[in-house]
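Novice:
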Amino acid sequence: AQSVTQPDIHITVSEGASLELRCNYSYGATPYLFWYVQSPGQGLQLLLKYFSGDTLVQGIKGFEAEFKRSQSSFNLRKPSVHWSDAAEYFCAVGSLKTSYDKVIFGPGTSLSVIP
Amino acid sequence: DAGVIQSPRHEVTEMGQEVTLRCKPISGHNSLFWYRQTMMRGLELLIYFNNNVPIDDSGMPEDRFSAKMPNASFSTLKIQPSEPRDSAVYFCASSLAVQRRLPGELFFGEGSRLTVL
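What follows is the structure in structure tokens.
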């Protein structure tokens, strides 16, 4: 069965600093990978996704992520963090089983931004 | 275009009462998911519908939980009787899988925060 781990429960960065959120997955076949963001009191919003092709994917709000098959990782990056990026970030892996799709979410990483 | 609409946003009830959460997915989407979010367990998939048919309900905690999707524009999640450990935020999400073998982007509602006293 597929699984997702996010080693960092909570990260604090200064505004303007770079950011990297880690994500590792376990899946037997080619995974479909996602990053979602959840602002306080809101639902989750898709930042970016990887299905195939270029291993560096660009998303919304200046985020990017790199798929590294050898490391089973899909880390999220942003070169310069803004205060509005403070939120909960979830990595997720898609699974195709029989005829339906199913997405499993990691435990999340909470990001705080210091002005 | 309206997103996924959930109601109520907040619900406070007493143990033993019936709770019904409602969801209107995005028009045209063919998949609907109910998730539960708690601090202890994170985001858990409860049940998944495709074309109004329940496909996978293995995440439903127990028989007290039931979900229906009578048509493409409406779904309910019912808890009867409710217990304090059911307190959580319940999210509904919908998606459109354009290609059969690719999972679609999930669009989430704002959630229903349930507190069972």
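Taken in sequence, the protein lines are chains A and B.
Positions 1 to 115 (my numbering) are the ones given, in order, by the first sequence.
Positions 116 to 232 (my numbering) are the ones given, in order, by the second sequence.
Ideal Cβ positions, reconstructed from N, Cα and C, are used throughout, including at glycine.
No experiment lies behind these values; they were computed from the predicted model shown.
#1: By Cβ distance below 6 Å, which residues in the same chain neighbour B/Tyr163 in space, the five residues on each side in sequence not counted?
#2: To the nearest angstrom, report how far apart B/Phe180 and B/Arg200 are at their CA atoms.
#3: Can you name the residues of chain A whose CB is closer than 8 Å to the CB of B/Asp172?
#4: Report yes if the C-beta distance between B/Gln234 and B/Ser227 is below 8 Å; otherwise report no.
#5: Closer than 8 Å, CB to CB, is B/Glu220 near chain A or not?
#6: Looking at the structure shown, is B/Arg200 part of a helix, part of a strand, or coil, going by DSSP?
#7: Does the Cβ of B/Gln195 have 16 or more other Cβ atoms within 10 Å, making it buried, or fewer, making it exposed?
#8: Exposed or buried, B/Arg124, counting other C-beta atoms within 10 Å across all chains shown (16 or more means buried)?
#9: Rounded to whole angstroms, what is the Cα-Cα separation between A/Pro31 and A/Gly94?
#10: Is A/Lys61 close to chain B? Criterion is C-beta to C-beta, closer than 8 Å.
#11: Can you give me the Cβ contacts of B/Gly219 inside the same chain, cut-off strictly under 7 Å, excluding the 5 residues immediately before and after it?
#12: In three-state terms, what does DSSP make of A/Ser99?
#13: Taking the alpha carbon of A/Phe90 as the reference point, which residue from A/His82, A/Ser80, A/Asn75, A/Pro79 has its own alpha carbon closest?
#14: Around the Cβ of B/Ser142, are there at least 16 other Cβ atoms within 10 angstroms (buried) or fewer (exposed)?
#15: Taking the C-alpha atoms as reference points, what is the distance between A/Gln42 and B/Phe222?
#16: Return the CA-CA distance between A/Gln71 and A/Gln45, expressed in angstroms with no decimal places.
#17: Buried or exposed for B/Asp178, going by 16 or more other Cβ atoms inside 10 Å?
#18: Would you say B/Gly131 lies against chain A (beta-carbon separation less than 8 Å)?
#19: Could you check the C-alpha separation between B/Thr153 and A/Lys68 for me, to the nearest Å?
#20: Pick from A/Gln2, A/Ala92, A/Ile104, A/Trp83: whose alpha carbon is nearest that of A/Ala122?
#21: Can you give the beta carbon distance from A/Ser26 to A/Gln6, rounded, assuming they're within the 8 Å contact cut?
#22: Pick out whichever of A/Val4, A/Gly16, A/His10 has its Cα sitting closest to the Cα of A/Ser84.
#23: From what residue to what residue does the beta strand (DSSP E) around B/Gly157 run?
#24: Applying a beta-carbon distance threshold of less than 7 Å, which residues of chain A neighbour B/Glu225?
Specialist: With the structure as the only source:
#1: As a first step, residue 163 of chain B is located in the second sequence; it is residue number 48 there, counting from the start. Excluding residues within five positions, the ones whose Cβ falls inside 6 Å are Phe148, Ile170, Asp171.
#2: One-based indexing of the second sequence puts residue 180 of chain B at position 65. One-based indexing of the second sequence puts residue 200 of chain B at position 85. Near 13 Å, if we compare the C-alpha coordinates of B/Arg200 and B/Phe180.
#3: Mapped onto the second sequence, residue 172 of chain B falls at position 57. Those do not exist, as B/Asp172 stays about 12 Å from chain A at its closest Cβ, beyond 8 Å.
#4: Absent from the structure is residue 234 of chain B, since the part of chain B shown begins at 116 and ends at 232.
#5: Here the question's residue 220 of chain B lines up with position 105 in the second sequence. Yes, because at least one Cβ of chain A sits closer than 8 Å to the Cβ of B/Glu220.
#6: Along the second sequence, read from residue 1 onward, the residue named residue 200 of chain B stands at position 85. Helix, per DSSP.
#7: Looking up residue 195 of chain B in the second sequence gives position 80. Exposed, since its Cβ has fewer than 16 Cβ neighbours within 10 Å.
#8: What you label residue 124 of chain B is simply residue 9 of the second sequence in a count that begins at 1. Burial call: exposed.
#9: Within the first sequence, residue 31 of chain A is the residue found at index 31, counting from 1. Within the first sequence, residue 94 of chain A is the residue found at index 94, counting from 1. Distance between the alpha carbons of A/Pro31 and A/Gly94: 6 Å.
#10: Within the first sequence, the letter at position 61 stands for residue 61 of chain A. No, A/Lys61 lies away from the interface with chain B (no Cβ there is under 8 Å from its Cβ).
#11: Reading the second sequence from its first residue, position 104 is the one you call residue 219 of chain B. Cβ within range, chain order: Ser146, Ser210, Leu211, Ala212, Val213.
#12: If you number the first sequence from 1, residue 99 of chain A lands on position 99. Summary for A/Ser99: the model assigns pLDDT 45, below 50, so the residue's position carries little reliability; its value from the coordinates is reported in the next sentence. Here A/Ser99 sits in coil by DSSP.
#13: Translated into the one-based positions of the first sequence, residue 90 of chain A becomes position 90. The candidate whose alpha carbon is nearest that of A/Phe90 is A/Asn75.
#14: If you number the second sequence from 1, residue 142 of chain B lands on position 27. B/Ser142 comes out exposed.
#15: Your numbering for residue 42 of chain A matches position 42 in the first sequence. Your numbering for residue 222 of chain B matches position 107 in the second sequence. Answer to the nearest angstrom: the Cα atoms are 12 Å apart.
#16: Position 71 of the first sequence, counting from 1, holds the residue named residue 71 of chain A. Position 45 of the first sequence, counting from 1, holds the residue named residue 45 of chain A. Cα-Cα distance, rounded: 26 Å.
#17: Start at 1 with the first residue of the second sequence, and residue 178 of chain B comes out as number 63. Per the 10 Å Cβ criterion, exposed.
#18: Along the second sequence, read from residue 1 onward, the residue named residue 131 of chain B stands at position 16. It does not: the Cβ of B/Gly131 has no partner Cβ on chain A nearer than 8 Å.
#19: For the purposes of this step, residue 153 of chain B is taken as residue 38 along the second sequence, with counting starting at 1. For the purposes of this step, residue 68 of chain A is taken as residue 68 along the first sequence, with counting starting at 1. For B/Thr153 and A/Lys68, the distance between alpha carbons rounds to 30 Å.
#20: In the structure as shown, chain A starts at 1 and stops at 115, and residue 122 of chain A therefore has no counterpart that could be examined.
#21: Counting from one through the first sequence, the residue named residue 26 of chain A turns up at place 26. Counting from one through the first sequence, the residue named residue 6 of chain A turns up at place 6. Not quite, the Cβ-Cβ distance comes to about 13 Å (not below 8 Å), so this is no contact.
#22: Residue 84 of chain A sits at position 84 when you count from the first residue of the first sequence. That would be A/Gly16, whose Cα lies nearest to the Cα of A/Ser84.
#23: As a working note, residue 157 of chain B is residue 42 in the second sequence. Start and end: 157-165.
#24: Indexing the second sequence from 1 puts residue 225 of chain B at position 110. Within chain A, the residues near B/Glu225 are Gln42, Gly43.
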